Amino acid sequence: MDTVALNGVNVSDKPEGLEGAGFFATSLEKVVGLARKNSIWPLPFATSCCGIEFMATMGAHYDLARFGSERLSFSPRQADLLMVMGTIAKKMGPILRQVYEQMAEPRWVLSMGACASSGGIFDTYSVLQGIDRIIPVDVYIPGCPPRPEQVINGILQIQHLVETESLRRRDSPQYKSMLNKYGIE
Amino acid sequence: MESSKAEQIEKIIAALKEKYEDQVLLIESPYDFLTVSLRREKIVEIIDYLYHHPDTQFKFLTTLCGIHYPDQNSIVVMYQLHNLVTNQRIRLKIFLPENNLVTPTITSIFQGANWMERETYDFFGVVFEGHPNLTRILNVEEMIMFPMRKEFPVEDQVREDKNDMMFGR
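So, in structure tokens, the structure goes:
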């Protein structure tokens with residue numbers, strides 16, 4: 651969905667719907683998707699160098715605020731998106747899982763970089779070989795570390811998922827059984 | 003009146019041999035680092051002796067760790083001590099056979115040995131008798147191996163994206 655400039659302010663384009671004099675009708679799902687998509691609060695779980703790259707992404711040059719994500723939430727309870735950035739040692743695994751469990755639905759997970767996604771170069775007894783062994787992941791960003799442009803692309807992928815997600819997906823038995831596979835709830 | 007390094011080392015060796023000559027297995031100096039291999043039985047007594055003797059005064063424990071020698075079927079516990087007055091260092095080694103990895107703790111002399119001994123237990127499985135809390139310190143508690151011993155593979159065995167053809171595992 652494109653943005654249109656209105657008096658110098660960028661505003662999201664309206665979703666598909668019926669339009670007439672003085673009214674606009676669309677589905678609730680599309681409105682909720684639109685609102686959620688442009689106000690994602692990320693929780694940065696930064697353990698190593700990918701975290702530094704994320705700081706650059708949040709900085710003025712790349713400016714993640716342009717995509718409605720300027721407000722980082724350092725409390726999992728208010729966060730929509732868990733961004734896991736960096737090597738997760740096996741000893742850190744239960745802590746990451748607890749942070750995920752503390753987040754309220756709907757919640758999304760972004761795995762940034764080779765280490766979080768697969769263990770990366772740390773093919774060793776002490777490192778978790780990918781966070782998808784303990785929590786479900788929505789979007790993976792490859793790279794070691796990924797450039798800020800890739801992080802922004804990852805956020806855009808998350809935005810696409812958020813926008814198009816059905817309002818009832820989180821209540822579905824498929825979703826519940828998926829969580830059960832990770833031993834959550 | 004500062005004595006030279008060589009004289010200091012001679013004094014240390016003399017002090018050690020004065021009481022524990024039968025315990026000394028080997029004295030060497032690799033990379034100018036005085037290293038003494040000892041019998042395992044009286045290690046705590048010897049460290050305590052080196053702490054208090056006026057010619058040695060090794061009152062600081064720099065580090066303590068394990069070393070695995072698989073060809074000798076033994077694990078070494080290595081102590082590095084430091085005399086902060088004369089800036090002299092010494093390394094002590096005791097050899098434990100793989101089937102009897104037990105040695106007394108030195109936490110009664112150096113409180114700082116507490117975490118170092120836990121680390122040595124964590125990675126080599128050396129049991130320090132009398133240690134106040136001998137549990138794993140760096141690895142996850144559920145771990146069933148001692149990863150720094152050579153018989154355990156360094157690589158994580160559940161890794162899926164590396165196959166033998168491509169990575170020679």
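So the sequence lines, in the order shown, correspond to chains A and B.
Each residue of the first sequence is one higher than the one before, counting from 651 in our numbering.
Each residue of the second sequence is one higher than the one before, counting from 3 in our numbering.
Virtual Cβ for every residue (Gly too), placed ideally from N, Cα, C.
Predicted model only: the values in this text are computed from it and were never measured.
Hey, Pro99(B) and Ser76(B) are a contact pair by Cβ (cut 8 Å); roughly how many whole angstroms apart?
5 Å
Does the CB of Gln779(A) have a neighbour CB from chain B at under 8 Å?
yes
Examine chain A for any beta-carbon lying closer than 8 Å to the beta-carbon of Glu121(B), and answer yes or no.
no
Starting from the beta carbon of Asp773(A), find every residue of chain B whose beta carbon is closer than 7 Å, and list them in chain order.
Glu157, Asp158, Arg161, Lys164
According to DSSP, what are the bridge partners of Ala715(A)?
For Ala715(A), which the question treats as bridged, DSSP gives no partner whatsoever.
Please report whether the beta-carbon of Val142(B) lies at a distance below 8 Å from any beta-carbon of chain A.
yes
Could you check which residue in His810(A), Ala710(A), Pro786(A) has the C-alpha nearest to that of Arg834(A)?
Reading off the sequence shown, one finds Ile at residue 834(A), where the question assumed Arg. Comparing Cα-Cα distances from Ile834(A) to each of His810(A), Ala710(A), Pro786(A), the minimum goes to Pro786(A).
Presumed contact (8 Å Cβ cut-off) between Arg42(B) and Ile96(B), rounded CB distance:
4 Å
DSSP three-state assignment for Cys765(A), whether helix, strand or coil
helix
So, is Gly763(A) buried or exposed, given that buried needs 16 or more other C-beta atoms within 10 angstroms?
buried
Can you pull the DSSP bridge partners for Met733(A)?
Pro694(A), Leu760(A)
Kindly indicate which three-state DSSP category Ala710(A) falls into: helix, strand or coil?
coil
Any idea if Glu119(B) is buried or exposed, counting beta-carbon neighbours within 10 angstroms, 16 or more meaning buried?
buried
Verify the CB distance criterion: does Pro56(B) have a CB-CB separation below 8 Å to chain A?
no
Let me know the secondary structure DSSP gives Ala671(A) once reduced to three states.
coil
For Ser662(A), tell me which candidate among Gly672(A), Cys794(A), Val681(A) has the shortest Cα-Cα distance.
Val681(A)
Would you say Pro149(B) lies against chain A (beta-carbon separation less than 8 Å)?
yes
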